[in-house]
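Here's the structure, in structure tokens; my notes come after.
There are 2 protein chains.
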Amino acid sequence: MIQSRTTLSEMSKALNLSISTVSKSLSDSSEISALTKKRVNEFARQCNYIPNNLAASFRKGYTNTIGLVIPNILNPFYAKVLVGIENYLDDKGYRLITSISNESQDKESKSLNKMASGYVDGLIICISKETELKNKYDHINGLIGQGTPIVMFDRICEMIDCDKVIIDDYKAAYDTTEHLISNEGCKNIIMTSLINNLHHGKLRAEGYKNAMKSQNLDVNGKILVANTVEGLKEKLSAKLKTDKTIDAIFGVNEQAVLQAMHTTRRLKTEGFKNKITIAGFCNQCQSDYNPSLIIVNQNAEEIGTQTAKLLLKRIKSTEIKGYRTKTVAVNLS
Amino acid sequence: MIQSRTTLSEMSKALNLSISTVSKSLSDSSEISALTKKRVNEFARQCNYIPNNLAASFRKGYTNTIGLVIPNILNPFYAKVLVGIENYLDDKGYRLITSISNESQDKESKSLNKMASGYVDGLIICISKETELKNKYDHINGLIGQGTPIVMFDRICEMIDCDKVIIDDYKAAYDTTEHLISNEGCKNIIMTSLINNLHHGKLRAEGYKNAMKSQNLDVNGKILVANTVEGLKEKLSAKLKTDKTIDAIFGVNEQAVLQAMHTTRRLKTEGFKNKITIAGFCNQCQSDYNPSLIIVNQNAEEIGTQTAKLLLKRIKSTEIKGYRTKTVAVNLS
DNA sequence: CTGAAAGCGCTAACAT
DNA sequence: ATGTTAGCGCTTTCAG
Chain Y
1 MIQSRTTLSE
11 MSKALNLSIS
21 TVSKSLSDSS
31 EISALTKKRV
41 NEFARQCNYI
51 PNNLAASFRK
61 GYTNTIGLVI
71 PNILNPFYAK
81 VLVGIENYLD
91 DKGYRLITSI
101 SNESQDKESK
111 SLNKMASGYV
121 DGLIICISKE
131 TELKNKYDHI
141 NGLIGQGTPI
151 VMFDRICEMI
161 DCDKVIIDDY
171 KAAYDTTEHL
181 ISNEGCKNII
191 MTSLINNLHH
201 GKLRAEGYKN
211 AMKSQNLDVN
221 GKILVANTVE
231 GLKEKLSAKL
241 KTDKTIDAIF
251 GVNEQAVLQA
261 MHTTRRLKTE
271 GFKNKITIAG
281 FCNQCQSDYN
291 PSLIIVNQNA
301 EEIGTQTAKL
311 LLKRIKSTEI
321 KGYRTKTVAV
331 NLS
Chain H
1001 MIQSRTTLSE
1011 MSKALNLSIS
1021 TVSKSLSDSS
1031 EISALTKKRV
1041 NEFARQCNYI
1051 PNNLAASFRK
1061 GYTNTIGLVI
1071 PNILNPFYAK
1081 VLVGIENYLD
1091 DKGYRLITSI
1101 SNESQDKESK
1111 SLNKMASGYV
1121 DGLIICISKE
1131 TELKNKYDHI
1141 NGLIGQGTPI
1151 VMFDRICEMI
1161 DCDKVIIDDY
1171 KAAYDTTEHL
1181 ISNEGCKNII
1191 MTSLINNLHH
1201 GKLRAEGYKN
1211 AMKSQNLDVN
1221 GKILVANTVE
1231 GLKEKLSAKL
1241 KTDKTIDAIF
1251 GVNEQAVLQA
1261 MHTTRRLKTE
1271 GFKNKITIAG
1281 FCNQCQSDYN
1291 PSLIIVNQNA
1301 EEIGTQTAKL
1311 LLKRIKSTEI
1321 KGYRTKTVAV
1331 NLS
């Protein structure tokens, strides 16, 4: 808070009115005469009066502010979710506080506690990798126990009882694979992935496998997993060189898609002729002008919008029975 | 703010202590006996006591919170600045509120006012394009007049009297051009730009021109400006086809660099043989694996760190004489 | 239509 | 070492 500024009390003295009359005038209350309102408002403008919203929030018991904790703002997916949330909240007269956990549980926990200590009316969380791996959610369940409205998105977990917003990873992967087969005419599709234990990866792999099976296509030797970018590149490169039937790559995460692009591009300069269609989950491929790339659009802004909507609903009617999990549709582009 | 929770008053009654003793115990005051502290802290834990920091902020008159308003979070430059700010502030025990102006002056102004109405101890701003074009800064100067500590970064202006952090655009452009000439052996360097009236563009163009002049290189017909992406692509393409001596492109902004890359890549597939070196200002080229690209690294995180540092300094010693403008070094990568 | 007064939860100066 | 008290600026009954 900034230095001392004009207060209601000061203005009320100057105008020979009571504090409450001044307060009501400024909030355009119907109790006050038009004349008085005019006097007060004009005087307030002269004084450069700025209401102390912190005091008002304190008194009223709510802040019209929502807290958001995300793992990483450099990932365009989260950045877009933030934009979706911000737009929705702004429209509804709410403000947004953002904190970046940087994939650390400690940072996440501290941010959440700070925010929940009076500064926000509710929280939106995408948990850190650390939290997901440790599978310990006391810091979140504690807040829920104290009545803090919370909505989780993207990375969710069953051990927390709250509203959630996700994309249908299984269906997204299934549909993408299906699209490669039916619309792009691919038959020998390999799936590539950077190892991570997160929930998403498993569901996406399932979607791929089942889509392949449903078309009687073989997935043996077609799932390439590595735990480093370099490792994945090598495996992919080797596979493409030895198995000339491969006609598509389905990358189930950011790095997998990027590495698929770089590897095929490099092979091409080395004289590799086969046409390889690339599809997958990727949020930072905009600048990579590549018309043949099939991107799973995770509708990040829509996720943001839906998340914010769900939270405000929860805040407004304190006792809704049971929690919802919303699924946001994906589409290929 | 969330439902009613345990308060100091409630605990003090239950423990037969005064409110102030409880308060002092929880803040580990040396005035209180070890025994009492222990009793209080244990009881507080049992009650799941969460201090109401909003009330504390209100009482104390400061919030340990900083407000940030940026034009666009999808631009990695701003996202990185945010990371730099957040890390620094977190380290110093401050929190960050972020708002996206989306290049709109109205949104910017509203966000700033809200934040300055008690929620923050100081503000960090990168003004919107609209604000820069209108050249109207009342909404910011008003806040400064009321004593709000403010630091501007990246897009600054002389009409606002406050601390500022920028990169040296002129020098960055000069050095890049110089680098193309001396280290890359280029002689016929064209400069490309999307028209925008912003300060940056002019300084960068000056840097380019003077670097060329200092080496007695001609810039006639070498400055390509357009106001649409398509227009720039066309001009560039035409230029490269007609003037085969061109050996480098210096893009003075994001889109200019991206279009230079796409255009040369496309020409190459059409049989264009000349080697064209590309350099410029670009924040989203990470994924575009292109080793020959020379990127002006704007050190966004460092800008964030310096901005936050300057602000906290200003907040702590209210009356420092005069305002500073810090220049953060750039480097090529 | 206007005013008086209580009080949100906490801190901090000032007793005791 | 512990308690008393005033009050941050505002909203909101309740009285007039």
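Order-wise, the sequence lines are chains Y and H. The numbering used here applies: residue 1 is where the first sequence begins, and numbers increase by one. The numbering used here applies: residue 1001 is where the second sequence begins, and numbers increase by one. Every residue gets a Cβ at the ideal spot worked out from N, C-alpha and C, and that includes glycine.
Are any of the Cβ atoms in chain H nearer than 8 Å to that of residue i?
i	result
Ser287 of chain Y	Because the pLDDT at Ser287 of chain Y is just 44, under 50, the model does not fix this residue reliably, and the point stays unresolved.
Tyr119 of chain Y	yes
Asn141 of chain Y	no
Leu334 of chain Y	The requested residue 334 of chain Y does not occur in the structure, where chain Y is confined to residues 1 to 333.
Glu184 of chain Y	no
Leu83 of chain Y	Checking the sequence shown, residue 83 of chain Y turns out to be Val, not Leu. Interface residue, yes.
Ser29 of chain Y	no
Leu74 of chain Y	yes
Ile100 of chain Y	yes
Let me see if you follow: with CB-CB separation under 8 Å, is residue i close to chain Y or not?
i	result
Arg1314 of chain H	no
Ala1044 of chain H	no
Glu1086 of chain H	yes
Ala1172 of chain H	no
Arg1324 of chain H	no
Ile1097 of chain H	yes
Arg1005 of chain H	yes
Lys1080 of chain H	yes
Measure from the alpha carbon of residue i to the alpha carbon of each residue in the options, then state which is nearest.
i	options	result
Leu1267 of chain H	H:Gln1255, H:Leu1194, H:Val1257 and H:Ala1238	H:Ala1238
Ala1248 of chain H	H:Thr1305, H:His1262, H:Glu1184 and H:Ser1214	H:Glu1184
Ile100 of chain Y	Y:Leu312, Y:Asn75, Y:Phe250 and Y:Lys13	Y:Asn75
Phe153 of chain Y	Y:Gly147, Y:Gly145 and Y:Ile167	Y:Ile167
Glu1103 of chain H	H:Thr1131, H:Lys1222, H:Thr1325 and H:Asn1220	H:Thr1131
Gly1304 of chain H	H:Asn1064, H:Leu1123, H:Asn1048 and H:Gly1061	H:Leu1123
Val229 of chain Y	Y:Asn87, Y:Met11, Y:Gln259 and Y:Lys37	Y:Gln259
Asp90 of chain Y	Y:Arg314, Y:Thr325 and Y:Lys309	Y:Lys309
Asn1064 of chain H	Y:Leu82, Y:Lys114, Y:Ser317 and Y:Ile50	Y:Lys114
Cys187 of chain Y	Y:Glu234, Y:Leu203, Y:Leu217 and Y:Glu158	At residue 187 of chain Y the sequence reads Lys, which differs from the Cys that was named. Comparing Cα-Cα distances from Lys187 of chain Y to each of Y:Glu234, Y:Leu203, Y:Leu217 and Y:Glu158, the minimum goes to Y:Leu217.
Ser1148 of chain H	H:Ser1333, H:Gln1284, H:Gly1207 and H:Leu1311	Correcting the residue type first, residue 1148 of chain H is Thr in the shown sequence and not Ser. Of the candidates H:Ser1333, H:Gln1284, H:Gly1207 and H:Leu1311, the one whose C-alpha sits nearest the C-alpha of Thr1148 of chain H is H:Leu1311.
Leu1240 of chain H	H:Asn1053, H:Leu1198 and H:Thr1192	H:Thr1192
Asn1072 of chain H	H:Lys1134, H:Ile1127 and H:Met1011	H:Ile1127
Specify the secondary structure class of residue i as computed by DSSP and reduced to three states.
i	result
Leu1068 of chain H	strand
Asp138 of chain Y	helix
Leu1180 of chain H	helix
Leu217 of chain Y	coil
Ser1287 of chain H	Any reading at Ser1287 of chain H must be qualified, since the residue scores a pLDDT of 45, below 50, and its modelled position is unreliable; the value itself is stated next. Correct three-state label for Ser1287 of chain H: coil.
Arg155 of chain Y	coil
Arg324 of chain Y	coil
Thr228 of chain Y	coil
Asp1121 of chain H	coil
Ile127 of chain Y	coil
Val1165 of chain H	strand
Gly1084 of chain H	helix
Leu332 of chain Y	strand
Ile249 of chain Y	strand
Ile189 of chain Y	strand
Arg1039 of chain H	helix
Determine the direct distance from the alpha carbon of residue j to that of residue i, and round the result to whole angstroms.
i	j	result
Lys321 of chain Y	Lys1164 of chain H	51 Å
Asn1331 of chain H	Thr1177 of chain H	13 Å
Ile125 of chain Y	Leu1096 of chain H	16 Å
Ile195 of chain Y	Ile189 of chain Y	19 Å
Ser1111 of chain H	Phe250 of chain Y	42 Å
Gly280 of chain Y	Phe1281 of chain H	29 Å
Val1040 of chain H	Val1022 of chain H	6 Å
Val1257 of chain H	Ser109 of chain Y	40 Å
Ser33 of chain Y	Phe1077 of chain H	52 Å
Lys213 of chain Y	Lys1129 of chain H	52 Å
Ser1287 of chain H	Glu1086 of chain H	Only weak support exists for where Ser1287 of chain H lies, its pLDDT of 45 falling under 50; the coordinates are left without a value.
Gln298 of chain Y	Thr1006 of chain H	41 Å
Item to check | Within 7 Å of chain H by C-beta, residues of the stretch 41-70 of chain Y in sequence order | outcome: Asn48, Ile50, Pro51, Asn52, Asn53, Leu54, Ala55, Ser57, Phe58, Gly61, Tyr62 and Thr63
Checklist entry - Closer than 9 Å, Cβ to any Cβ of chain H: which residues of the stretch 102-119 of chain Y, in chain order? => result Asn102, Lys107, Lys110, Ser111, Asn113, Lys114, Met115, Ala116, Ser117, Gly118 and Tyr119
Item to check | the stretch 1126-1139 of chain H: positions lying closer than 7 Å to chain Y by Cβ | outcome: none
Item to check | Residues in the stretch 1146-1160 of chain H having any Cβ partner in chain Y nearer than 8 Å | outcome: Gln1146, Gly1147, Thr1148 and Pro1149
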